[in-house]
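J.: Sharing a structure, written as structure tokens. Questions coming.
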Amino acid sequence: LVEEAYRSNAGIVTPKFVAWDNPELLLTVGMSADKAGVAIPFGRHELDQEQYDSVRDVFVAPGGAQLIRADLFVALGGFDETMLMFGEDLDISWRAQLAGARVIAAPEARVRHLEATAAGLRPLELAPAGGTLTERVRPMELRHRLRVVLKTYGRLQLLRIVPQLIVLTLAEMAYSIAARRRAALWAIVSAWRWNFAERKGLRTARKATQGSRSLSDRSIRRSQTRGSARLSTFVRGQLATEEQTLGVGAAGRDLASALRRGGLKLAIGVWVGVFAVMVIGSRGLLSGDLAAIGQFQPFPDSPVEFVRSYMTGWRTSGLGSSSPAPVAFAVLGALGMLFIGAMGALQKVLVLGGLFVGIAGAWRVTRAIDSSRGRLVAIALYAAVPLPYDALAQGNWAGVLGYALMPWLLVRMLRAFGVAPWGAEAPEEEPVRRALAEPVHHHRVSAVDDVSETLGAEAGTMDPIAAEEYLIAEGALRGRPEYDDDEDDAKPVPAWRFVALPAFREQVLPVAIVLAVCLALAPALAGMLVVVAAGAVVGGLVAGQTNAGLRAAGMVAAGSVGAAVLLFPWTLIVLLPGAGWSPLIGIGDVASQAPSLGQIMRFHTGPLGAGPLGWAFLVVGALPLVIGRKWRFTWAVHLWSMTIVSWLVAWAAGRGWLGVSPPTVEVLLVPAAAALPLLGALGLAAFEHDLPGYQFGWRQLASVTAAAATALALLPVLSGAVDGRWGMPERDLPALLSWMPAKRADGAFRVLWLGDPRVLPGDPWRASPGLGYITSDDGMPDAIDLWPGPDDGATGLLVDAVGLVERDQTSRLGHLLAPMGVRYIVVPARGAPTKDALRRPPPSDLSRGLRQQVDLRLLDSDEAFTVYENASWAPTRATLPPGGIDASRRTGPDAARSADLSGSTPVLSNESGPVTFTGPLPDGGETYVASAYSTRWKLEVDGTNATQRRAFGWASAFETSAGHGRLTYKTEPLRYAALAVQLVLWVLALRVVFRNLRRHRSAVLALRGSE
Amino acid sequence: MTAARAGDPGRRRLIAVITLLAVVLIAAGIDRIDRPESDRGATATLSMPAAAPSSALSSTWFCPGGTASGGGEAEGYVAVVNPGQTDAVGTVTVHPTEGEARTVPLTVAASSSVQLRYSELAASPWRAVTVELGAGEVGVEQVISGPLGWSAAPCASQASSEWYFGGGSTARENTLYLTLYNPFPDDAIADLTFATSGGATTPQAFRGVVIRGRSVSVLSVGEHVRRRDDVAGSIVARRGRLVVGRVQVRAASPTGLSYTLGAPSTDTSFVFPEGFVVDGVSERLNLYNPGDREAIVDVEMVLDEGVAEPWEIRIRPRERTLLDFGAEERVPKSVGHGLLVRSLNDIGIVAEQWITANTPSPRKGSSETLGATASATAWTFAAGSADGAWDEWITIQNTSAAEANVDLIVLADGRELAVEGLQDLVVAAGARQTVRLGDHISRSNLALLVRADQPVVAERAVFAVPGPGVSYSIGIPLGLRGR
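So this is what it looks like as structure tokens:
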């Protein structure tokens, strides 16, 4: 080292490090580092074949052994005292180079290195106790690395690097959250926190470092590795794999594992292709705004509005009601706070993220299938199903959420079948239960080795979950030898056939929590769950596995019940007799507007559709049914049964044969949309495993046909991606009706929206077959108007009035709606004012009837929508004229018809929240409030409560005098009690789930330890 | 390796595939056979006035107007009939061409009728009225009278953005008025197009005509479509909704005065129960095709005696044609007949019958009537008279395939009078029957209710005795709306 230091005039020289036990194995020959200071060892774990035996410059001389010139060491001020281990070598090497010294590797000098600390042979005293070695070391590594970066770069370079570091850090944090890697998340957070706390020392160190600088950052960067080493490592699937079994993180690692296992180019090609199509197809939505169509109504500017609306017990939708607020408000409020109030971004993530989550789910659910190409077919087909894009284009959030949820639900449900390769019978789970409950047993190590062999994975880097799965499988196999393929009898059991099998009851709770969140956002998914359960039962019957089908259906049912409990008390408004099922689940199509069975079978339900090419999905799905053997055939029967049940339910719903208001066709078709790509994967598995067993004949031809069909099935989504919005209109009604909110200056008002439920902006109530209605306050609806309460109270009066118009029984609708504060009636015929938007004209009876109303002013009318203004309207908070007061003492439509409220004066115009209004009141009048009557409405005039009475039989009127008025709704104490109950339920549920996860993880870590 | 050894499901596969396929095929079969028709799209409009259903909260009628100066050429009044069993209470709102609107209360007792003269409601050259009553099954007719005659026809039970007329004349000494009534709060803008023997024309002055909210505009067509014997017209509101009536004043022989409500939409079949050709009485059929495609129209004459070969007429787009039965040899003189007009290629048209009477006929006058586009089992007439000064006839055309039994009931001051000799009239399937009311009852205010046990069309003819006045009018059907 000394010789080379003189020869090369180097400041620091590092030797070649080899393994203590095996000197032929390289540990490192110097290290490089990227701009973020992530070190990359040269030759790690390579066989030493002298490939690094030349003297060369390196960026980092590893701290295990290095030679530093004494004068340089003194000039640099020695090691940074805040970092005694893990990063001190990066620091001294970097600073040496800044000072103009060379750092070189001299491989002729060889050091055997025990790596005693990393091997656990030497106690690590510098790091806090507790946790694995990685968990203890990682925070130190990260904080030291950050410190080095912050003190070595010049100011200008820091301006460039720090934002990049922040982005990388956030991405890593997001990944850690998704993968539930709490330790990793904590390490990242603590690194920044530590450096912030040490900022004074950092400033001093930085000053010293910059004072000794003789090279520019540009020169330093030339000797660093380009790009992000951390990102590259992630892509290569080399992230630590010590946690959790399910979730997006697992899917990511699973991808990395698949990439390692072969077909690398194909896998990368398919994934990159799918991702590219998703991004290209969504580019307009990512860069622009979501159109305010259907359920994609804009979120309020602040998450606080969601929270306030959730806390108060008053729903403003319709004419108001005291029904429980939807849990979605709480969910969105909480998420909005996590997004630091970026509500638009949150909405995009929630809507567009569904596409990506769904495809990741398709990858995850096919893990049990022994065909990486089959899995790639599955994700490609799932990405190609037109359903989510049609749902997007029509503002059907439930459809997109269903698409995202379905594969993940299938992961649990297919296991519940207890049929290979996804699951085993419950009795065979016993070995697993023991494995989780007891300390590690020695035999598991050999099991892990078997799995490693089978997977071709490197010992020690195999996913511990896979190892555990193998143990489960092994136990299961003893009771069910028929799981194994005949030809593989003599071999170790392949691990791919089995997945972790927590007990049924343990699986239910996570399912319930996920369903609760999804159902809170899209209650219509309840319809999808019914279809899935029915499909499981029918599949069990057809496949001759009745008990398995019932068990799977039971899983869905139990999860749904659990979700219903978690959503209490909101669930009551759906479940109680006569309650508001229809606006939350859907109000269905009129039979003539519903898609035909043929359209349903090829997912042709929206602007993207699949046209004739949609039949290709069926051709692909037919392959495992005709050539599959063993479990591939059995599952083909199950999945086809689910597909057909999904089709038939969607078809029957369109015809109005279900007897209840059904969800949209997209929601009901989600099970079929998930089952057909799975069938495609099974088909490829059958092609690989079963086809070679047949003689040449029609089956080979069928396989070729299926392959061609797969290619054809992908075409519609490719063409659909061209516009960058998946067919979602670029303009929406709010853009055309932007003048409406300004009319608030004349007094608060309501807008009544009437039309086909699929073109209304929100979740409509049912007015008549194929006709829905919603209301909005002072202009366009927003997300607060979604998930409306029941319309069996005062709100029903709106539909009574509309019914009179439809039945040609009145020409004074304006008078009937005036006491309800309805100023505008908007009747959309399209989902958006563009040619390509979904066209669903309202019933002709309604259009004709509205045109005959002598007190409605026709403001605007074109092919997309018609707007009427009520010439007789009165503000929702007003003092009534004398004639109006008299009329308000009567009830029924005659009272409204005969009342002239056009002279009403708006009052209480200042809003301080959803249920608090203030403003001056005139003398000697009555203040009318066009909200459903409730004794909890209080109007104080200069601090004194005004006397309340019913007006028009359903609203409130207060006897008021001149003064400052404050109208507010006093939330019932019972509401707070209900919220407390709900909170307790969620805490309990999450606690149980996390406890189970911890147990699970402990067992896995123990397994790793024994390994 | 055999298939069985390799785990091939064999028979199970066949059963599963057949089961699944059968389910799909059965559903597909049902789907194909039982495909529901769409009820969406274009707004369906009943192309003739009809009473609101009996369960209606209210009835609204729009009468497009006549003069109201007290001595004008077309002095108007409204006749309101309430054939129901409860009193109808409401208002009449008068919208003059000049000045403020005025609303007066109105009560029509059960089984009775009332009349309101425009000149008594407000002084204005022209005025239109909206009658709103808090009950269903109420009928309203507008009557105009002047030196040249008397004419009555139903008011409009609905507004529309399109109105059509099959005939009219702007020839010398003829005046053709169109009254454009906008009873709604918002303004309407309309374009008027006319089809004449000289081709289609859209005078500049009739483009973008603004009709203010809650007002009536009266246009004299002859000022811009000059000296045309036969003029058909389309009034299309590019914005808003309207009710359009036509007042035709014929000062040259044959003289006459007639009021006709426009057709709010075209239709493919029309029924004219009454027709007659004799010396001094001419009957013509105006056919107008306002659409973009040629219409092929079949005109069938239902003769009381004998048969006449039907006419097949082609009407080119946006053109009109006239069929003069007096000039047709196949039409026997002095034999009563009805007319059935059908568009054979389902292109919507407008059919209007024009009857004139002059010397040597004892009757004098001119009447233009739109055909009935629907049949009903109950019809009502608000105006009419059968006394020494007026001769009133009712014609029933049975449009069903079964024999119809018909009752004629007079609504007189709260009572339903079953007129002797006019009960259980038997009208053969597809045939017609005409009765002269003066032979059975003498009454100057003769509101009528016609009840039948089969769908029929009822038409009223009123002749002034001796002096000018010929008015043919289809009745107001009950029970057609709100179904």
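Protein chains in written order, with the working numbering: chain A, 6 to 1016; chain B, 13 to 495. Every residue gets a Cβ at the ideal spot worked out from N, C-alpha and C, and that includes glycine. Only a predicted model underlies this, so the values are computations on that prediction, with no experimental measurement involved.
#1: Output the distance between the C-alpha atoms of residue 353(A) and residue 510(A), rounded to the nearest integer angstrom.
#2: For the region 888–903 of chain A against the region 829–849 of chain A, are there 3 or more C-beta pairs whose distance is under 8 Å?
#3: So for residue 401(A), helix, strand or coil by DSSP?
#4: Alpha carbon to alpha carbon, how far is residue 854(A) from residue 810(A)? Give it in angstroms, no decimals.
#5: In whole angstroms, what separates the C-alpha of residue 143(A) from that of residue 206(A)?
#6: Shorter than 9 Å from the beta carbon of residue 853(A) to some beta carbon of chain B?
#7: Which chain B residues are close to residue 630(A), counting only those with a beta carbon under 9 Å from its beta carbon?
#8: So with CB distances below 8 Å, who are the chain B contacts of residue 812(A)?
#9: What three-state label does DSSP hand residue 359(B) in the structure shown?
#10: Looking at the C-beta of residue 390(B), does it have a partner C-beta in chain A at a distance below 9 Å?
#11: Quick one: is residue 1005(A) buried, meaning 16 or more other Cβ sit within 10 Å of its Cβ, or exposed?
#12: Do the region 852–872 of chain A and the region 930–937 of chain A meet, that is, are 3 or more Cβ pairs less than 8 Å apart?
#13: Using C-beta distances below 6 Å, list every residue in its chain close to residue 626(A), excluding the 5 sequence neighbours before and after it, in chain order.
#14: Contact criterion: CB-CB distance below 9 Å. Does residue 817(A) meet it with respect to chain B?
#15: Give me the chain A residues within the contact set of residue 144(B), using Cβ-Cβ distance strictly less than 9 Å, ordered along the chain.
#16: Enumerate in chain order the residues of its own chain whose CB-to-CB distance from residue 348(A) is below 6 Å, with the five nearest sequence positions on each side excluded.
#17: Using Cβ-Cβ distances below 8 Å, what residues of the region 403–435 of chain B are close to chain A?
#18: With the cut-off set at 9 Å, would you say residue 974(A) and residue 323(A) are in Cβ contact?
#19: So, for residue 600(A): in the same chain, excluding its five sequence neighbours on each side, which residues have a beta-carbon less than 7 Å away from its beta-carbon?
#20: What does the Cβ neighbour count give for residue 909(A), buried or exposed, with the cut at 16 atoms within 10 Å?
#21: Closest by CA to residue 537(A), which one among 559(A), 527(A) and 547(A)?
#22: Answer yes or no: does any C-beta atom of chain E fall closer than 9 Å to that of residue 360(B)?
#23: Give the list of continuous alpha helix (DSSP H) stretches no shorter than 4 residues that lie fully inside the region 94–169 of chain B.
#24: List the residues of chain A that residue 530(B) touches, going by C-beta distances under 8 Å, in chain order.
#25: Could you give the uninterrupted runs of the beta strand (DSSP E) lying entirely in the region 899–978 of chain A, keeping only those of 3 residues or more?
#26: Sort out for me which residues DSSP pairs residue 118(A) with in a bridge.
#27: Does the beta-carbon of residue 50(A) have 16 or more other beta-carbons within 10 angstroms, so that it is buried, or is it exposed?
#28: If I follow the unbroken beta strand (DSSP E) through residue 379(B), where does it start and stop?
#29: Please indicate yes or no: does the CB of residue 812(A) lie closer than 8 Å to some heavy atom of the ligand NAP?
#30: Give me whichever residues DSSP pairs with residue 829(A) in a beta bridge.
#31: So residue 388(A) and residue 279(A) are in contact, right, with Cβ under 8 Å, and what is the actual spacing, rounded?
#32: Residues in the same chain with beta-carbon distance under 6 Å from residue 102(B), minus the five sequence neighbours each way, listed in chain order, please.
#33: First and last residue of the beta strand (DSSP E) that includes residue 483(B)?
#34: For residue 679(A) versus residue 411(A), is the C-beta spacing smaller than 9 Å?
#35: Determine whether the beta carbon atoms of residue 816(A) and residue 70(B) lie at a separation below 9 Å.
#36: In or out: residue 852(A) buried (at least 16 other Cβ within 10 Å) or exposed?
T.: Per the coordinate set shown:
#1: Start at 1 with the first residue of the first sequence, and residue 353(A) comes out as number 348. Start at 1 with the first residue of the first sequence, and residue 510(A) comes out as number 505. Approximately 35 Å, taken between the alpha carbons.
#2: no
#3: Taking the first sequence and counting its residues from 1, one reaches residue 401(A) at position 396. DSSP places residue 401(A) in coil when its eight states are reduced to three.
#4: Along the first sequence, one-based indexing puts residue 810(A) at 805. Along the first sequence, one-based indexing puts residue 854(A) at 849. In a straight line, the C-alpha of residue 810(A) is about 5 Å away from that of residue 854(A).
#5: The residue given as residue 143(A) occupies position 138 in the first sequence. The residue given as residue 206(A) occupies position 201 in the first sequence. Their Cα atoms are separated by approximately 22 Å.
#6: Taking the first residue of the first sequence as 1, we reach residue 853(A) at position 848. Any Cβ of chain B closer than 9 Å to the Cβ of residue 853(A) would place that residue at the interface, and such an atom is present.
#7: On the first sequence, residue 630(A) is found 625 positions in, with the first residue counted as 1. Result: 25, 28, 29 and 32.
#8: The count along the first sequence starts at 1 and reaches residue 812(A) at position 807. Near residue 812(A) (Cβ distances below 8 Å), the residues of chain B are 65, 67, 68 and 494.
#9: Translated into positions along the second sequence, residue 359(B) becomes position 347. Residue 359(B): coil per DSSP, three-state reduction.
#10: Here residue 390(B) refers to the residue found at position 378 when the second sequence is read from its first residue. No, residue 390(B) lies away from the interface with chain A (no Cβ there is under 9 Å from its Cβ).
#11: In the first sequence, residue 1005(A) corresponds to position 1000, counting from 1. By the neighbour-count criterion, in which a residue is buried when 16 or more other Cβ atoms sit within 10 angstroms of its Cβ, residue 1005(A) is buried.
#12: no
#13: The count along the first sequence starts at 1 and reaches residue 626(A) at position 621. Closer than 6 Å at the Cβ level, and outside the excluded window around residue 626(A), lie 681 and 684.
#14: Working through the first sequence from its first residue, we reach residue 817(A) at position 812. True, the Cβ-Cβ gap to chain B drops below 9 Å.
#15: The count along the second sequence starts at 1 and reaches residue 144(B) at position 132. By Cβ distance, chain A contributes 816, 817 and 859.
#16: Translated into the one-based positions of the first sequence, residue 348(A) becomes position 343. The residues are 304 and 341.
#17: none
#18: In the first sequence, counting from the first residue as 1, residue 974(A) sits at position 969. In the first sequence, counting from the first residue as 1, residue 323(A) sits at position 318. Not in contact: residue 974(A) and residue 323(A) (Cβ atoms no closer than 9 Å).
#19: Position 595 of the first sequence, counting from 1, holds the residue named residue 600(A). Result list for residue 600(A): 609, 610, 659 and 670, in chain order.
#20: By 1-based counting over the first sequence, the position of residue 909(A) is 904. Classification of residue 909(A): buried, given that the 10 Å Cβ count is 16 or more.
#21: For the purposes of this step, residue 537(A) is taken as residue 532 along the first sequence, with counting starting at 1. Checked all of 559(A), 527(A) and 547(A); the closest Cα to residue 537(A) is 559(A).
#22: Judged by its chain identifiers, the structure shown contains no chain E, and its protein chains are A and B.
#23: 130–133
#24: Shown here, chain B extends from 13 to 495; a query on residue 530(B) therefore has no answer.
#25: 921–926, 930–934, 942–946, 952–956, 960–965 and 968–974
#26: Along the first sequence, one-based indexing puts residue 118(A) at 113. DSSP lists 24(A) as partners of residue 118(A).
#27: As a position in the first sequence, residue 50(A) is number 45, starting the count at 1. Residue 50(A) is classed as exposed because its beta carbon has fewer than 16 other beta carbons within 10 Å across all chains shown.
#28: Within the second sequence, the letter at position 367 stands for residue 379(B). Here the beta strand (DSSP E) through residue 379(B) covers 377–382.
#29: The ligand NAP is not among the ligands present in this structure, which contains no ligands whatsoever.
#30: Position 824 of the first sequence holds residue 829(A). Its beta-bridge partners are 756(A) and 874(A).
#31: Counting from 1 along the first sequence, the entry for residue 388(A) is found at position 383. Counting from 1 along the first sequence, the entry for residue 279(A) is found at position 274. That belief holds up - the Cβ atoms of residue 388(A) and residue 279(A) are roughly 5 Å apart, short of 8 Å.
#32: Here the question's residue 102(B) lines up with position 90 in the second sequence. Counting only Cβ-Cβ distances below 6 Å, and skipping sequence neighbours, we find 118, 144, 145 and 146.
#33: As a working note, residue 483(B) is residue 471 in the second sequence. Per DSSP, residue 483(B) belongs to the beta strand (DSSP E) from 482–486.
#34: The residue you call residue 679(A) lines up with position 674 of the first sequence. The residue you call residue 411(A) lines up with position 406 of the first sequence. Yes, Cβ-Cβ distance for residue 679(A) and residue 411(A) is below 9 Å.
#35: By 1-based counting over the first sequence, the position of residue 816(A) is 811. By 1-based counting over the second sequence, the position of residue 70(B) is 58. Yes.
#36: What you label residue 852(A) is simply residue 847 of the first sequence in a count that begins at 1. With 16 or more Cβ atoms within 10 Å of its Cβ, residue 852(A) is classed as buried.
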